[in-house]
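K.L.:
Protein chains: 2
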Amino acid sequence: MTEQRGEHIVRAFDAELQELEQTIVRMGGMAEASLEKAVDALARRNSTVAAEVVQNDREVDLLEQQISERAVQTLALRQPMAADLREVVAALRISGELERIGDYAANIAKRSMALNQLPPMRPAHSIPRMAKLVQGNIKRVLDAYVARDAALASHVWESDEEIDETYTSLFRETLTYMMEDPRNITPCTHLLFIAKNIERIGDHATNVAELVYFLVKGERLEGGRPKGDTSSYAVVEPTDDHGGDAS
Amino acid sequence: MTEQRGEHIVRAFDAELQELEQTIVRMGGMAEASLEKAVDALARRNSTVAAEVVQNDREVDLLEQQISERAVQTLALRQPMAADLREVVAALRISGELERIGDYAANIAKRSMALNQLPPMRPAHSIPRMAKLVQGNIKRVLDAYVARDAALASHVWESDEEIDETYTSLFRETLTYMMEDPRNITPCTHLLFIAKNIERIGDHATNVAELVYFLVKGERLEGGRPKGDTSSYAVVEPTDDHGGDAS
Chain C
17 MTEQRGEHIV RAFDAELQEL EQTIVRMGGM AEASLEKAVD ALARRNSTVA AEVVQNDREV
77 DLLEQQISER AVQTLALRQP MAADLREVVA ALRISGELER IGDYAANIAK RSMALNQLPP
137 MRPAHSIPRM AKLVQGNIKR VLDAYVARDA ALASHVWESD EEIDETYTSL FRETLTYMME
197 DPRNITPCTH LLFIAKNIER IGDHATNVAE LVYFLVKGER LEGGRPKGDT SSYAVVEPTD
257 DHGGDAS
Chain F
17 MTEQRGEHIV RAFDAELQEL EQTIVRMGGM AEASLEKAVD ALARRNSTVA AEVVQNDREV
77 DLLEQQISER AVQTLALRQP MAADLREVVA ALRISGELER IGDYAANIAK RSMALNQLPP
137 MRPAHSIPRM AKLVQGNIKR VLDAYVARDA ALASHVWESD EEIDETYTSL FRETLTYMME
197 DPRNITPCTH LLFIAKNIER IGDHATNVAE LVYFLVKGER LEGGRPKGDT SSYAVVEPTD
257 DHGGDAS
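Sequence order for the protein chains is C and F.
Under this note's numbering, the first residue of the first sequence is numbered 17, with each subsequent residue one higher.
Under this note's numbering, the first residue of the second sequence is numbered 17, with each subsequent residue one higher.
1) I need the straight-line Cα distance from C:ALA28 to F:LYS53, nearest angstrom please.
2) Beta carbons nearer than 8 angstroms to chain C: which residues of the stretch 109 to 121 of chain F have them?
3) Measuring CA to CA, which of F:LEU207, F:GLU178, F:ILE179 is closest to F:PRO135?
4) Compute the beta-carbon to beta-carbon distance between F:THR246 and F:ASP176, rounded to the nearest angstrom, for a pair I have assumed lies under 8 angstroms.
5) So, with DSSP's three-state summary, where would you put C:ASP180?
6) What residues in the stretch 182 to 207 of chain F bring their beta carbon closer than 7 angstroms to a beta carbon of chain C?
7) Assuming F:VAL150 and F:ILE179 make a contact with CB atoms under 8 angstroms, what is their CB distance in whole Å?
8) Using the three-state DSSP reduction, which class does C:LEU237 fall into: helix, strand or coil?
9) Where do the ends of the alpha helix (DSSP H) carrying C:GLU253 lie?
10) Assuming F:VAL69 contacts F:ALA57 under a Cβ cut-off of 8 angstroms, what Cβ separation, rounded to an integer in Å, is found between them?
11) Does DSSP classify F:HIS258 as helix, strand or coil?
12) Excluding the 5 residues preceding and the 5 following F:SER142 in the sequence, name in chain order all residues of the same chain whose CB lies nearer than 6 angstroms to its CB.
13) Give a yes or no on whether 8 angstroms exceeds the smallest Cβ distance from F:SER142 to chain C.
14) For C:GLU97, return the contacting residues in chain F, with the cut-off set at a CB-CB distance below 7 angstroms.
15) Under three-state DSSP, which class holds C:PRO203?
16) Taking 8 angstroms as the threshold (beta carbon to beta carbon), is C:ALA250 in contact with chain F?
17) Buried or exposed for F:VAL55, going by 16 or more other Cβ atoms inside 10 Å?
18) Could you check if F:TYR229 is buried or exposed, using at least 16 other CB atoms within 10 Å of its CB as the buried criterion?
19) Are the Cβ atoms of F:MET146 and F:THR182 separated by less than 8 angstroms?
20) Between F:VAL105 and C:VAL88, is the Cβ-Cβ spacing less than 8 angstroms?
21) Within 10 Å of its beta-carbon, does F:GLU115 have 16 or more other beta-carbons around it, so buried, or fewer, so exposed?
22) Quick check: what's the CA-CA separation for F:GLU32 versus F:LEU108?
23) What residues in its chain sit with their C-beta under 7 angstroms from that of C:ASP261, if we drop five residues either side in the sequence?
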């Protein structure tokens with residue numbers, strides 16, 4: 017009888033863990049879709065789609081609240097140990113990272129609404145390519161989470177460097193474009209922040225990769241974090257023939 | 017005998033909670049000091065101080081790891097319930113927020129190193145004032161945490177709006193300055209990102225305020241989050257007489 021009851025509790029706990037995992041996957045899918053839609057709204061200059069992304073961020077936030085409440089409830093009721101405890105703590109943290117991804121996607125959408133009031137800018141064409149890299153990482157890190165695949169998590173972690181490099185080159189291109197014509201400054205500033213948001217989303221996907229690795233292996237990913245974004249140190253000088261042309 | 021043992025366990029648990037709290041306060045103090053030093057490095061154009069801030073961020077990160085490991089250990093060993101569980105989960109989350117604050121401070125320091133290679137920019141003077149507001153909020157939210165003061169936490173939460181408004185006006189001022197002279201574009205871009213970093217630090221202090229409120233009250237802060245940063249929607253147009261002057 018006691019054993020049966022014990023089994024029953026174990027099964028209920030497994031079901032709770034599974035539900036946490038499913039909610040995280042759903043939340044991750046929503047965050048990734050928000051990024052895709054926000055970048056699409058930018059590329060196609062569609063403010064209606066952008067407004068939808070801003071609106072939907074509320075749902076991502078609610079899912080985080082839900083995961084967080086469930087996780088704390090599970091800690092209190094089941095008092096899990098070792099690997100089970102890691103599962104619940106990982107769920108709590110991963111949902112925090114995904115919530116930030118949703119926030120950044122919503123900010124991209126807001127800025128694309130501002131951009132739609134202004135003439136199209138050439139550097140905007142590089143945004144979707146950068147976003148695709150990041151989306152790929154979000155997708156793969158969620159797969160790594162579901163499959164408890166530390167190697168895949170580690171792969172995502174390493175590939176953040178390419179995203180950072182893409183950002184740094186976009187940063188320089190956009191600054192040069194701003195120097196060509198003062199009318200480019202406002203739209204290009206929004207593009208700079210959009211690119212930075214995408215780079216940050218990449219960082220959050222990397223954080224999730226670290227959490228998944230720790231969840232599976234019980235130890236931290238080794239070595240310094242790859243860091244390709246050198247734009248914080250960047251100095252871009254205007255050339256002599258870029259005197260600006262506001263006329 | 018059993019009671020004594022129970023008391024002993026309780027005391028050990030209280031000591032662990034106290035240690036967690038002290039480590040968080042230490043970490044918060046370091047993060048706040050990093051912001052202060054980074055802004056000082058900017059104002060005084062001192063790259064040595066800036067390099068120290070970048071260097072010290074590693075210590076803030078290590079404290080977060082330490083808190084996170086201790087918190088998970090405490091969850092496993094003590095299996096706390098209700099209010100005690102909230103304490104441990106709050107420690108886990110607050111340390112995550114403080115780690116982000118440290119990261120943003122380090123990024124401000126990196127950018128001030130880039131700025132030191134360039135001529136001084138007028139909008140840089142508005143940065144320390146904005147940073148002071150944010151520092152005040154970090155200080156008060158740590159006080160609120162130590163005193164378990166929900167009213168003070170709620171006050172910090174509300175005053176984030178002033179920071180956002182300061183940021184939005186700094187954003188517009190900086191854009192106008194960029195339009196005046198293409199040589200201002202690179203330094204002003206770094207200033208824009210610095211201001212944005214400070215605004216984000218303010219957001220993280222607000223997140224801590226929410227966590228402290230929940231820790232004390234067991235319920236969420238009510239009402240929509242105050243949101244004064246409207247710069248994502250901002251469109252700043254160059255005036256006719258700002259034709260740029262690169263000569």
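Virtual Cβ for every residue (Gly too), placed ideally from N, Cα, C.
P.N.:
In short, the structure shows the following:
1) For C:ALA28 and F:LYS53, the gap between their C-alpha atoms comes out near 51 angstroms.
2) For the stretch 109 to 121 of chain F, which is checked against every Cβ of chain C, the residues closer than 8 angstroms are ARG109, GLY112.
3) Ranking F:LEU207, F:GLU178, F:ILE179 by Cα distance to F:PRO135 puts F:LEU207 first.
4) Contact doesn't hold; Cβ gap of about 14 angstroms is too wide.
5) Three-state DSSP puts C:ASP180 in a helix.
6) Answer in chain order: LEU191, MET194, MET195, PRO198, ARG199, ILE201, THR202, THR205.
7) 6 angstroms between Cβ atoms; contact.
8) The answer is coil: DSSP assigns C:LEU237 none of H, G, I, E or B.
9) For C:GLU253, no alpha helix (DSSP H) encloses it, and the DSSP letter there is neither H nor E.
10) Confirmed, about 7 angstroms.
11) Only weak support exists for where F:HIS258 lies, its pLDDT of 41 falling under 50; the value from the coordinates is given anyway. F:HIS258 carries a coil assignment under DSSP once its states are collapsed to helix, strand and coil.
12) Counting only Cβ-Cβ distances below 6 angstroms, and skipping sequence neighbours, we find LEU186.
13) Not one beta carbon of chain C lies nearer than 8 angstroms to the beta carbon of F:SER142.
14) Rather than Glu, the amino acid found at residue 97 of chain C in this sequence is Met. Within chain F, the residues near C:MET97 are ALA92.
15) Under the three-state reduction of DSSP, C:PRO203 is assigned to helix.
16) Chain F, which has a Cβ nearer than 8 angstroms to the Cβ of C:ALA250, makes this yes.
17) So F:VAL55 ends up on the buried side.
18) Its Cβ being crowded by 16 or more others within 10 Å, F:TYR229 is buried.
19) Yes, these two residues count as a Cβ contact at 8 angstroms.
20) Cβ distance < 8 angstroms, so F:VAL105 and C:VAL88 count as in contact.
21) Flag for F:GLU115 reads buried.
22) F:GLU32 and F:LEU108: Cα-Cα distance of roughly 13 angstroms.
23) Low per-residue confidence applies at C:ASP261: pLDDT is 35, beneath 50, and the placement is therefore not dependable, though the value from the model is reported in the following sentence. So the list reads ASP197, once near-sequence residues are dropped.
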